[in-house]
Structures are given as C-alpha cells and as structure tokens.
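Quick note: to get our numbering, add 818 to the position in the sequence shown (first position is 1). Contents: one structure, followed by commentary.
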Amino acid sequence: MHLKIRTRSRATALLAVVAILTGCARARLFPTASGQMGIASWYGSNFHGRATSSREIYDMNDLTAAHQTLPFGTRVLVTNLENGWTAAVRINDRGPFVKNRIIDLSYAAARLLGMIGPGTAPVRLDILQSQGPPPAPVRYAIQVGSFASEDSARELKTRLGRRYGPVEIVPFSAAGRTFYRVRLPANNRPSSEELARRLSADGYPVLLCEVDGSSSDLDP
C-alpha cells in the first residue's frame, strides 16, 4: 500500500498527482474470460476522511473503489463502456449495495472515467495482477507533480533541486498522452517519509511511491 501525505493545495494540482498514481508500480493485465460488467457509481466528499470497510481512511482523491466481494488490495482496471476511458483502482471498501451496481468508485477514479456529471456509467472490470515479486531492494521516491509539459516539469525539478537535492523526471504515457512525473529519490522508507514531511510542510502535494528501480522507470 502506498503512503500518501498531501497538503490542501489547489485541487487541479492534487488531481494531477492522483492521475498518475498507476505509474508507481508496474502491472500486467489478465482479463477474465468475460470481465464483470454492470453499472458503476462514485462517492466523494460526504465520505471523505471516514474509515472504509478495510479500516483505511477514505480519500476521495485516491484511485480506490468499493466492491462487494473482491479482496482488499485487489487492483482492478475499470473501463467506461460509453467512452472507452479507463482507470486502475485499488479495492479498499465494500459496496455498492444498490441493485445492478457492481463497483463504487472514488471521486478521482470517476473523474478519470468521465462520469462525474452523469453519476453512473456502464463499466467492465478486469483484474490487474503483478508480474511477480519486484526485484530487491525496494526503491522509494516522493512524487511532487505531474505535467503534460516537459518544460513545466523541468522548471519544478530545478526549483526542488536547489533545496532538496537530486530530482528525477519520469515520463509516463496514458490515454495517448505523455505526462512528466517529478520525483525525488530516497534510499529507504524512513528517509523517504522524512523527505515527504519536509516537502509537505513547505506546501508541496506529495505522493510516496515504491518503484522497482529498473532503468525504464528512471530519468536518464
């Protein structure tokens, strides 16, 4: 499970960080013989900050979801059958308990699927499974932002580098677009948490990620 430490910054900046959450770990899609299909709904601010069925605190800006039977921690690819948009979510709650609905998505996930306005959408669910145990040792990074503009990412990299040390820019492609993730590497979990606290105290929205350390996931 990833540790998230965020400040109350502008919603657009926070959602930019959330949108690239799926880039924090590599995964391979294993579709079932016939993926579960039905109606998805979403829940937001009324439940923000409350405990979920897994006892994890619900954050409407995380890519999570409620499902009636899938084990907590299961990663699911949700496809909006009306527009083809997808979002990878992690199951951390139980529900929905409304007839014909098969998944209840967080606000962030519903936004990626384009279903905030309608409220519901027909979807297909496919289970995401990891490729196997990640190579050791686990490497950590604190993500501070994600940009469609590489110039904007490099500007933030320069600003952070003056105060916090080494900074990486990690490209990530999704929905036919390339985003540039700005990350600060850390040697271990304690040092990464301390760095995340410093960044958060200085007003940056932060996301602590475990990365596999492969060359394709690092800034050259």
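Cβ coordinates follow ideal geometry from the N, Cα and C atoms, glycine included. This structure is a prediction, so every number in the text was calculated from the model and none was measured.
Query	Result
Relative to the C-alpha of Tyr982, which residue among Ser1009, Tyr998 and Gln886 is closest?	Ser1009
What residue does the beta strand (DSSP E) around Ser991 start on, and which one ends it?	Glu986 to Ala992
Quick one: which unbroken alpha helix (DSSP H) runs of 4-plus residues sit fully inside the region 886–959? Chain order, please.	925–930
DSSP has Gly963 in a bridge; who is on the other side?	Val1000
Confirm, please, whether the CB-CB distance from Pro940 to Leu899 is below 8 Å.	yes
When we look at the beta-carbon of Asn910 and count the other beta-carbons within 10 Å, is it buried (16 or more) or exposed?	buried
Given that a residue counts as buried once 16 or more other Cβ atoms are within 10 Å of its Cβ, and exposed if not, what is Gln886?	exposed
Buried or exposed for Asn1006, going by 16 or more other Cβ atoms inside 10 Å?	exposed
Report yes if the CB atom of Gly853 is closer than 8 Å to the CB atom of Leu943, and no otherwise.	yes
Just list the residues that DSSP pairs Met855 with in beta bridges.	Arg942
Below 8 Å between beta carbons: does that hold for Arg919 and Ala992?	no
Of the choices Arg868, Trp860, Ser970 and Val916, whose alpha-carbon is the least far from that of Gly787?	The first residue shown for the chain is 819 and the last is 1038, placing residue 787 beyond what the model contains.
Using only the alpha-carbon positions, how far apart do Met878 and Gly979 sit?	31 Å
Considering Cα atoms alone, identify which of Gly913, Pro914, Thr897 and Arg912 is closest to Ala906.	Thr897
Run through the DSSP bridge pairs and tell me what Thr882 is partnered with.	Arg908
Helix, strand or coil: how does DSSP classify Glu874 here?	coil
If contacts are defined as beta-carbon pairs under 8 Å, then Ala927 and Leu974 qualify, I think. What distance do you get, rounded to the angstrom?	That belief does not hold up - the Cβ atoms of Ala927 and Leu974 are roughly 25 Å apart, past 8 Å.
Keeping to the same chain, check which residues put their C-beta closer than 7 Å to that of Asn901; ignore five residues upstream and five downstream.	Gly932
Considering only the alpha carbon of each residue, which of Val1029, Phe865 and Phe990 lies closest to Ser967?	Phe990
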